[in-house]
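Number of protein chains: 2
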Amino acid sequence: MSHKKLFIPGPTEVLPDILEAMAMPMIGHRSKDYAALQGETTPKVQQCLYTKNQIILSTSSSTGLMEAAVLNFVRPGKKVLACMCGAFSDRWAGIAKANNKEVIELKVEWGKGIHPEMIDDILKKQAGEIDLILLVMNETSTGVMNPAKEIQAVVNKYKDAGVLMAIDAVSAMMAVPIHTDDWGIDFVLAGVQKAWSLPPGLAVAAMSERAIERAKEVPHRGYYFDLLEYVKYNEKNQTPSTPVISLINALNVMCTRILDKEGLDNRWARHARQADMVRNWALSRGFELFPEKGFYSQGLTCIKNNKEINVADLNSALGKRGKTISNGYGKIKDATFRISHMGDIYEKDLAELLADIDDILGYK
Amino acid sequence: MSHKKLFIPGPTEVLPDILEAMAMPMIGHRSKDYAALQGETTPKVQQCLYTKNQIILSTSSSTGLMEAAVLNFVRPGKKVLACMCGAFSDRWAGIAKANNKEVIELKVEWGKGIHPEMIDDILKKQAGEIDLILLVMNETSTGVMNPAKEIQAVVNKYKDAGVLMAIDAVSAMMAVPIHTDDWGIDFVLAGVQKAWSLPPGLAVAAMSERAIERAKEVPHRGYYFDLLEYVKYNEKNQTPSTPVISLINALNVMCTRILDKEGLDNRWARHARQADMVRNWALSRGFELFPEKGFYSQGLTCIKNNKEINVADLNSALGKRGKTISNGYGKIKDATFRISHMGDIYEKDLAELLADIDDILGYK
């Protein structure tokens, strides 16, 4: 198959040196070489997430760590508050229910964001019942980015009541800064196939001491996603079961690239420029943005298809030019389309893509 | 790090063309290209496992699918019968308990095998209580290979009573033939980093119609390892959450290599010869084999360290020659050592390894 450059919200485009890192010769996962690899990678991930917390390297998609949050942080008799604003946050509520947890649903219309005061209103009355809040920072289905920092600040007021928040930062982590320790985040997770720009199969999380203490109070956390086991094995720079070594190697190479070559601040600035670039293009061509104003994602743009273009035809024409974008997701599949601008997609790539779209749609 | 050839029981040695397959440019996991890949891979895996059953491709280590068996096949009020004969089968019983299942323990001394009549004796009395038997076909910790075919034949007598068996074929699958359909296996799983000779991060299982029907009777199967979701997504050649695409590509390439280049029968014959070779070497040098006679693994040999050699020193000397073997596991760490001869380790490699060991230990 001939490769199409990926402007889809994951898996994102992967650079050749990272693909090369995927092809490393194999090593034993209980060897010194492996421990050296994990020991080298972990502090770099911590630096990327501005944290001293435990780093969890889970051989799974991010869905696995979404389930881990539900399994590890809810004590018997306590409830989950699910902030629902799109397909992936709706799904997280479903994951909680599939694990027999009682869920309070905070639902907003797709395209709308979660406002901090919505959480405050609920916690004012029900903080004592709620052990865990589920927040999707960047709803990949709607292009909504929720204000994680401000929401975390609200949650922090209720920490003494036992409220803990898990943040799904899939398609946000490494596209925007997440100041884990400064913001007081207890658990933040992502898959590496989004703004980390690696192939899929590994999920990463940072887990606070407070989250560890909470997990200790929860019986029957399952086995594969028992986070306390990960913390225990971290001591010797290993994982409880065999890890996806090739991807951890690729993550290590990627961290070095981000920290030493691009620089974190440059990365955030580049993503901000790229998001602007796509949003401005969409607006200037007469499209509307799907998300509520002020809640625009820095990783991908969800564009309302108010001009009723044929997205399938557009994508097929783009395919012939070696590029691919994404249609809408779930119930807004036909009403929107999405352009991803995170990870190792650069301004030059986006300029080419937008010129191609203009050309195909006859916009100039 | 300079590469050491792996004679350890996983991850096993990976060939260059498979490493190259790991470096494939990324594709979307909801794209036609991905569906074509999964659609091409699945029938080949079925052919390798002599089955028409559903193939589950799980982005996890095999531990994940061991947990899946426990989550999907035990109805409320029913019990698990765990056949325990080493570290990994002991752990499976632990996985069942971590998920709040009631476990009947059939325990034999490490090094001994599970005899079919042991299972028959229990089922004669308790078949009605037991929903799921957990059998590790090849105990990687002790080098014991249990007679899966004969044990399955016993279990099949009790199918009407609702007894189902899950077989962990880690370090057996692709080292010995597993005639899934002929033997009547309902669920057999393995990680791909053993006799499949791929890097770790993907687990594979075959799941029968009967197993699917059972799962439908089990509420709260969790989410990530809800096997019915995998079956549902198989219809469109996709997986419920983002799969480890690079490894599925490598699996596809490996299947072609096995089926078209080596041939299944040749593969089984080669593994039998390689197992003989290592066992004969050990015995001729005055070592004893750790497993009970008749229960020798075809994938790896666990050797009793009755000559009290220093395995760490041996391994360190082997390391300088670009090779590595494995010490014992768990409570027999010092009393045994292990040489793996499965997957893409060939007779020539083993001859070199054994000559090196002879040389280092002064056996010639």
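Protein chains in written order, with our numbering: chain B, 7 to 370; chain E, 7 to 370.
Positions of the beta carbon are idealized from the N, C-alpha and C atoms, including for glycine.
Computed from a prediction, not measured in an experiment: that's the story for all the values here.
#1: Kindly indicate the opening and closing residues of the beta strand (DSSP E) around Q60/B.
#2: Near S64/E, which residues of its chain fall below 6 Å by C-beta distance, leaving aside the five closest residues on each side in sequence?
#3: Quick one: residues in its chain with C-beta nearer than 7 Å to the C-beta of C261/E, no 5 flanking neighbours on either side, listed in chain order?
#4: Give a yes or no on whether the C-beta atoms belonging to K371/E and G305/E are separated by under 7 Å.
#5: With 7 Å as the threshold, decide whether the Cβ of T65/E is near any Cβ in chain B.
#6: Under 8 Å by Cβ, that's how I've got L204/B and A221/B pegged, so tell me the actual separation to the nearest angstrom.
#7: Pairs of beta-carbons, one from the segment 170–187 of chain E and one from the segment 195–202 of chain E, closer than 8 Å: are there three or more?
#8: In chain E, which residues lie with their C-beta within 9 Å of the C-beta of V20/B?
#9: Pull up the distance between the alpha-carbon of A133/E and that of S147/E, whole angstroms please.
#10: Tell me whether the beta-carbon of D350/B lies closer than 7 Å to the beta-carbon of E19/B.
#11: Go ahead and pull the three-state DSSP assignment for C91/E.
#12: Over what stretch of residues does the beta strand (DSSP E) that includes I136/B continue unbroken?
#13: Taking 7 Å as the CB-CB cut-off, is I351/E touching chain B?
#14: Are there 16 or more other CB atoms within 10 angstroms of the CB of L129/E, so buried, or fewer, so exposed?
#15: Between P153/B and P17/B, how many whole angstroms is the CB-CB distance? I'm expecting something under 8 Å.
#16: How would you label R81/B, buried or exposed, when you count the other beta carbons within 10 angstroms and need 16 or more for buried?
#17: Is there a Cβ of chain B sitting closer than 7 Å to that of H277/E, yes or no?
#18: Going along the chain, which residues of its own chain have a beta-carbon closer than 6 Å to the beta-carbon of I136/E, five neighbours each way excluded?
#19: Within its chain, find whatever has a CB closer than 8 Å to the CB of L289/E; leave out the 5 residues flanking it on each side and keep chain order.
#20: Determine the chain E residues that contact A104/B at a beta-carbon separation under 8 Å, and present them in chain order.
#21: For S346/E, decide whether its Cβ has a neighbour in chain B, counting only Cβ atoms nearer than 7 Å.
#22: Run through DSSP, which three-state label would R81/B get?
#23: Touch check for the segment 24–31 of chain E and the segment 340–357 of chain B: three-plus C-beta pairs under 8 Å?
#24: On the three-state DSSP scale, how would you describe L170/E?
#25: Check whether the segment 238–258 of chain E touches the segment 87–96 of chain B, counting contact only when three or more Cβ pairs, one atom from each stretch, lie closer than 8 Å.
#26: Quick check on A209/B: does DSSP put it in helix, strand or coil?
#27: Measuring from the CB of R344/B, is there a heavy atom of the ligand FMN at a distance below 6 Å?
#28: Beta-carbon of P82/E versus every beta-carbon of chain B: anything under 7 Å?
#29: On a CA-only basis, which of W116/E, S8/E, W98/E is nearest V109/E? Give me that one, please.
#30: If S214/E sits next to N59/E, beta carbons under 8 Å apart, how far is it from one beta carbon to the other, in whole angstroms?
#31: Any beta carbon from chain B within less than 7 Å of S322/E's own beta carbon?
#32: Could you name the residues of chain B that I251/E contacts, counting a contact when the two beta carbons are closer than 9 Å?
#33: Using 10 angstroms around the beta-carbon of D340/B, count the other beta-carbons present and answer buried if the total reaches 16, otherwise exposed.
#34: Identify the contact partners of L141/E in chain B, using a Cβ-Cβ distance below 7 Å as the criterion.
#35: Please go through the same chain and pick out, in chain order, the residues whose beta-carbon is closer than 7 Å to the beta-carbon of W274/E, but skip the five residues on each side of it.
#36: What separation, rounded to the nearest whole angstrom, lies between the Cα atoms of G190/E and E219/E?
If we stick to the structure as given:
#1: Here the beta strand (DSSP E) through Q60/B covers 60–64.
#2: So the qualifying residues of the chain are G70, L71, A209.
#3: Taken in chain order, the residues that qualify are T47, K50, V51, C54.
#4: Residue 371/E is absent from the structure shown; chain E starts at 7 and stops at 370.
#5: At least one chain B Cβ lies under 7 Å of T65/E.
#6: L204/B to A221/B, Cβ: 27 Å. No contact.
#7: Yes, they touch.
#8: P31, M32, listed in chain order.
#9: The alpha-carbon atoms of A133/E and S147/E are separated by roughly 29 Å.
#10: For the pair D350/B and E19/B, the CB atoms are nearer than the 7 Å cut-off.
#11: It is coil, neither helix nor strand.
#12: Bounds of the beta strand (DSSP E) holding I136/B are 136–142.
#13: Any Cβ of chain B closer than 7 Å to the Cβ of I351/E would place that residue at the interface, and such an atom is absent.
#14: Its Cβ being crowded by 16 or more others within 10 Å, L129/E is buried.
#15: Incorrect: roughly 27 Å between the Cβ atoms, too far for contact.
#16: Per the 10 Å Cβ criterion, exposed.
#17: False, the Cβ-Cβ gap to chain B never drops below 7 Å.
#18: Excluding the 5 residues flanking it on each side, I136/E has same chain C-beta neighbours closer than 6 Å at K85, L87, V169, in chain order.
#19: Here the set comprises L295.
#20: Per Cβ cutoff of 8 Å: H226, R227, G228, Y229, D232.
#21: The C-beta of S346/E comes no closer than 7 Å to any C-beta of chain B.
#22: R81/B: coil per DSSP, three-state reduction.
#23: With contact defined as three or more Cβ pairs closer than 8 Å, the segment 24–31 of chain E and the segment 340–357 of chain B are not in contact.
#24: Look at L170/E here: in three-state DSSP terms it is strand.
#25: The answer is no - the segment 87–96 of chain B does not touch the segment 238–258 of chain E, with fewer than three Cβ pairs under 8 Å.
#26: Strand.
#27: The ligand FMN is not part of this structure, which contains no ligands at all.
#28: Proximity of P82/E to chain B, defined by a Cβ-Cβ separation below 7 Å, is not satisfied.
#29: The shortest CA-to-CA distance from V109/E to any of W116/E, S8/E, W98/E is the one to W98/E.
#30: Between S214/E and N59/E a beta carbon distance of about 5 Å is seen, short of the 8 Å cut, so the two are scored as contacting.
#31: Chain B contact via Cβ: absent.
#32: Taking a Cβ-Cβ threshold of 9 Å, the residues of chain B close to I251/E are P17, Q199, P205, P206, G207, in chain order.
#33: Counting Cβ neighbours within 10 Å, D340/B comes out exposed, since fewer than 16 surround it.
#34: Listed by position along chain B, the residues whose Cβ is nearer than 7 Å to that of L141/E form an empty set, because the closest Cβ is around 18 Å away.
#35: Only V182, P183 meet the Cβ criterion.
#36: CA-to-CA, the gap between G190/E and E219/E works out to about 15 Å.
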